[in-house]
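In the order they appear, the protein sequences are chains A and B. Be aware that the first sequence starts at 2, since it is given in the numbering used here, and climbs by one per residue. Be aware that the second sequence starts at 6, since it is given in the numbering used here, and climbs by one per residue. All C-beta atoms, glycine included, are put in the ideal place defined by N, C-alpha and C. Take a look at the structure set out below.
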Amino acid sequence: MFKLPCLVAVLLLCAACSTTNIDEYRSTVEPLLLDNSEKVVVLGRRDAGHYETGIDFSDCVGRVLQSDSPMQVISELEFIDAFYPWFEPRVAPKNLSRLKRLLEEPALNEKLISMDIRYMVWIDGQTNTVDSSGSMGCSIGPGGAGCFGFSSWDDESSYEAIVWDLDSFKEKGRVNVDSEGTSYLVGLVIPVPFIARVQNDACIGIGKQIKAFFEVAVQEK
Amino acid sequence: MKHSQLMLTLLSHYCKYIATVLMVGFLASCGSTSLTVTGTYPSPLTSPLPMTATLLLDKEFREYIAVPSENVTMKMGVAQTAMMENVLRKRFQSVTVVTEAPDTIDTDILIVAKVAGVQVGTPTETRLEIFEVWIKYNLEISDNSKEMITKWFMPAYGKTPSAFMTSDVKAIDSAAQFALRDAGVRLVTDLHRIPEFHYWIKQQQRLDEHVLKQQDEEGNASPDVNVDDDQKERDDV
Chain A
2 MFKLPCLVAV LLLCAACSTT NIDEYRSTVE PLLLDNSEKV VVLGRRDAGH YETGIDFSDC
62 VGRVLQSDSP MQVISELEFI DAFYPWFEPR VAPKNLSRLK RLLEEPALNE KLISMDIRYM
122 VWIDGQTNTV DSSGSMGCSI GPGGAGCFGF SSWDDESSYE AIVWDLDSFK EKGRVNVDSE
182 GTSYLVGLVI PVPFIARVQN DACIGIGKQI KAFFEVAVQE K
Chain B
6 MKHSQLMLTL LSHYCKYIAT VLMVGFLASC GSTSLTVTGT YPSPLTSPLP MTATLLLDKE
66 FREYIAVPSE NVTMKMGVAQ TAMMENVLRK RFQSVTVVTE APDTIDTDIL IVAKVAGVQV
126 GTPTETRLEI FEVWIKYNLE ISDNSKEMIT KWFMPAYGKT PSAFMTSDVK AIDSAAQFAL
186 RDAGVRLVTD LHRIPEFHYW IKQQQRLDEH VLKQQDEEGN ASPDVNVDDD QKERDDV
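Below is the structure:
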């Protein structure tokens, strides 16, 4: 009887707050047209020394682009495996002129045409913990085990997405997203987390904004 | 009923010992990380070099266990064998993979791959929120008379972000997979650029061209010979 209200209450409690800011730049106000056979690939930048864009983040953005939309998105792993090793961190093209030169290789160009990829979305950024406080102690003994205490930490996400058109080899737009939030862990025998979904909020924010760039032409059968 | 009471008495009696054993086990497991590197390694999208190769991956390489620190053990033989085979099979016109040094080499070159070392960096050591893996390979390339062409030191690097609730095992495995993929990148993009090997390839191409030219010259000369032969035959007749 009380299961559903309890579950809702727990879910509400578990959702700690986060704030998200989004900036966007577009090279044109016209929507980017995709016919229903053309695809988009979302890739993460991994060439920086001290961080890397998580594959889970680019997958998340891909899922947001596809949700409630006929847009076809190729997963990052499928793409980098198909084009191995040309999109690995050491050699992935950092600008459009390098990409153009790379795609002059017949094998790569044929692969691109066979996969029908029209747009490439590069994502660069990270989520990290900027501050933490409090302490939590856990102990185990013959009489039982338990955790007591309170700790909190602040997470910050900062990502940039760049959209490349592979037909004209031009940049079509950029989206910047910054998100931050505080998570809590309360130890009352069992540790109870209240997690701020900072990275998830950044993903949804950036994904929705990029999605608004595109217009998919649905052909009637 | 009696049986359950007896069990309860025994449990309460041995509770201290059970708890101690559990705690010792828990503490021991906290200190060490043991893993097997997994992953699939795709064939590269590349055009092959104009030669055939024998690839020697011995038992030590195929069953390689890295111990980068006293707390970390990585079984990476299967994964690195898969990567080497998949990449090098596409890098040459044909590749024969062997597990022991052959007496004679039926291909243009022999490649012997060996691991020179493995290092792991964890967030606790580096203060960065990433796990890192470095793999150093030594590749010995010889011609078919077993004369050394070059010995190439090939380092590869992989990293993965440390995520909340992700285990060390999963993170090091992921970083090692990226390092192996990076080794594949170097085999595709840098192998033919090693100065000694590059020079050897050019030399072979010049030799091949010279042989072809000679064959062409002999081929052009042969109708004259035939004409002479024909004339001789006619004279004989």
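Is W1 of chain B helix, strand or coil by DSSP?
Residue 1 of chain B is absent from the structure shown; chain B starts at 6 and stops at 242.
Which word fits F151 of chain A, buried or exposed, when buried means at least 16 other C-beta atoms lie within 10 angstroms of its C-beta?
exposed
Check whether the Cβ atoms of E157 of chain A and S184 of chain A lie closer than 9 Å to each other.
no
Taking the C-alpha atoms as reference points, what is the distance between R119 of chain A and L100 of chain A?
13 Å
If we count the other Cβ atoms within 10 Å of its Cβ and call it buried at 16 or more, is K164 of chain B buried or exposed?
buried
Name the chain B residues whose beta carbon is nearer than 8 Å to that of A108 of chain A?
L50, T51 and S52
Please go through the same chain and pick out, in chain order, the residues whose beta-carbon is closer than 8 Å to the beta-carbon of P1 of chain B, but skip the five residues on each side of it.
Nothing about residue 1 of chain B can be read from this structure; chain B reaches only from 6 to 242.
Inter-residue CB distance, M153 of chain B and Y142 of chain B (contact presumed, cutoff 8 Å):
That belief does not hold up - the Cβ atoms of M153 of chain B and Y142 of chain B are roughly 16 Å apart, past 8 Å.
Is it buried or exposed, F170 of chain A, if we count other Cβ atoms within 10 angstroms and call 16 or more buried?
exposed
For F149 of chain A and chain B, any beta-carbon pair shorter than 9 Å?
no
Going by DSSP, name the residue or residues bridged to Y120 of chain A.
A:V41 and A:D166
Could you tell me the alpha carbon to alpha carbon distance between W154 of chain A and V174 of chain B, rounded to whole angstroms?
24 Å
Which of the residues in the stretch 70 to 86 of chain A, read from start to end, lie with their CB under 8 Å from any CB of chain B?
D82, A83, F84, Y85 and P86
Let me know the secondary structure DSSP gives L78 of chain A once reduced to three states.
helix
Determine, using beta carbons only, whether R211 of chain B comes closer than 9 Å to chain A.
no
Among A:G182, A:V65, A:T130 and A:E172, which has the Cα closest to the Cα of T20 of chain A?
A:G182
Considering just the uninterrupted stretch of the beta strand (DSSP E) at L54 of chain B, what are its terminal residues?
L54 to L61
Using only the alpha-carbon positions, how far apart do F57 of chain A and G45 of chain A sit?
Here the sequence assigns Asp to residue 57 of chain A, which means Phe is not the residue at that position. About 9 Å.
What does the alpha-carbon distance come out to for the pair A121 of chain B and E68 of chain B?
14 Å
Need the endpoints of the alpha helix (DSSP H) that T29 of chain A sits in, please.
Element bounds for T29 of chain A: n/a, residue is neither H nor E.
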